[in-house]
Amino acid sequence: MSDLPKNQGTLKDRRTEILRGAPLRESSDILEHLRQLLPKLHRAEQNVAQIILNDPQWVINNPIKQLAIRAKVSEPTVMRLCRKMELQGFAAFKLKLAQDLVVGEMLDLADDAGKDSQTSFAQLVHSYAFQALRQAANPLNDKLLSELATQINAARRIFCMPTDSRALGLATEAEARFFRLGIASRCTQGRLDQDALAREASKGDLLLYFSMEKDQHYALEGVMQAKENKVCICAIVPHGSPLASVADLFVPFDPSIFLDEQNHIHSNKYAELFLLDCIELAIASVRN
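Reminder that position 17 of the sequence shown reads as 29 in this note's numbering, one-by-one numbering, no gaps.
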């Protein structure tokens, strides 16, 4: 069968679709792994591997059947190659491949922006946005997101608790997304209201704390009372925060890495939306 036309725009759109909400991995480049594995593969597996190495974007954009036809092998041969690369299947392989290709583009964009003193305003912001997404993804993994999604999905009531003004936008956006998913939630502001709510919460409730700063000591007394009442405590806060050490589930999020005061660029909003996209996707996965 003849190769399908390469439409770069379509392929990039497909990669974005695959990556929506998916945490970027920290392991080595999958194409490099495949190159090292190539001499040890059977001939049929080598045919598949060569197509992947020569045309990775085409592989991302096509189903396993098309790859098998192009390599003149069976679909089980493709699956066997995926398992040799320690992946559960072809879908998992395509996700890893898409992640590596996008990360490579991010690094190239960041490098180009740093070298070119004449970089346009749009290019500079574009570069920082990509870096923000990458940095936000680094501490995330499927296990952590699935645990958070499971707690959210199982909760009787969810209270979004921003501990500072900078976290208010993230908390209210989370509340809006939960509402769209049919999840009962409420954003509660103010130290007195949050403390009273934490003390009155009961088993089946979930307190989801958001913070952009490390000083949340005022919330600890109420949190400890809530834990005694079997309330689940989840914290989306920076590393080293008081809430991080007492929460039942801690999701690291440090906005300080997304600021460039010299260029007046605050790209944390991209990171916030990315984080919520990941959580929303994880909730959908848990429900399915």
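From the three backbone atoms N, C-alpha and C, an ideal C-beta is built for every residue, glycine too.
As the structure is a computational prediction, the values presented were derived from the model and not from experiment.
Burial check for I81: the Cβ neighbour count within 10 Å stays below 16, so the residue is exposed.
No Cβ-Cβ contact shorter than 9 Å links P264 with S223. A Cβ-Cβ separation of about 12 Å leaves A213 out of contact with Y221 under the 8 Å criterion.
If you ignore the 5 residues before and after Q58, its C-beta comes within less than 7 Å of the C-beta of L50, all in its own chain and listed in chain order. The three-state secondary structure of D41, taken from DSSP, is coil.
For the set V298, F190, K155, the Cα lying nearest the Cα of C172 is the one of F190. Between the alpha carbons of D260 and V298 lies a gap of roughly 19 Å. Look at I76 here: in three-state DSSP terms it is helix. Residue environment: S253 is assigned as buried (16 or more neighbouring CB atoms within 10 Å of its CB, all protein chains considered).
The segment 200-217 makes contact with the segment 236-247; the number of CB pairs closer than 8 Å reaches 3 or more.
The bridge partners DSSP lists for Y230 come to none. Remark: fewer than three beta-carbon pairs, one from each stretch, lie closer than 8 Å, so the segment 146-163 and the segment 193-200 are not flagged as touching.
In this structure, L157 keeps its C-beta atom at 9 Å or more from the C-beta atom of A283.
The three-state reading of DSSP puts L46 in helix, counting H, G and I together.
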